[in-house]
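The next block holds one structure in the form of structure tokens; read it before the comments.
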Amino acid sequence: MAKEIPSVGDLLRKSEVMDEEIQAATEAYLKDEGANPFVFSSGHRIDVAKAIDMHPQAKMLLADKATSPGLRRTMVMTAVIMGFPVEG
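25 is the number that numbering that gives the first Met the number 0 gives to position 26 of the sequence shown; each next residue is one higher, with no gaps.
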């Protein structure tokens, strides 16, 4: 049986990732969509752009220039929480 890959949300519930780190990953992406993958203190890293690509609603809303800054932030954060990081 294959090992299940935890989402960032799963890691948050296990206290391996902190809210502040999710916010930092979100802010880094909002400042620079081409930013390098975000590295959490646990050693996990997430490619925020890839997480957004995997989340259809986030991808659609972020492509729309009329989307408000607050909704943009919420959608990036949602994509990060639902995203699957890699270890190390």
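The C-beta atom is built at its ideal place from N, Cα and C for all residues, glycine as well. None of the values given here were measured: they were computed from a predicted structure.
What alpha helix (DSSP H) runs, 4 residues minimum, are completely inside the segment 2 to 29? 7 to 12
Name the two residues that bound the continuous beta strand (DSSP E) containing Ser43. According to the sequence shown, residue 43 is His rather than Ser. From DSSP, the beta strand (DSSP E) with His43 extends over His43 to Ile45.
Mind checking which residues open and close the alpha helix (DSSP H) that includes Gly69? Pro68 to Met81
Span of the alpha helix (DSSP H) holding Lys58? Pro55 to Ala62
Suppose you measure from the CA of Ile4 to the CA of Ser67; what does that come to, to the nearest Å? 32 Å
Going by DSSP, what residues sit across from Phe37 in a beta bridge? Ile45
Is the beta carbon of Ser40 closer than 8 Å to that of Glu26? no
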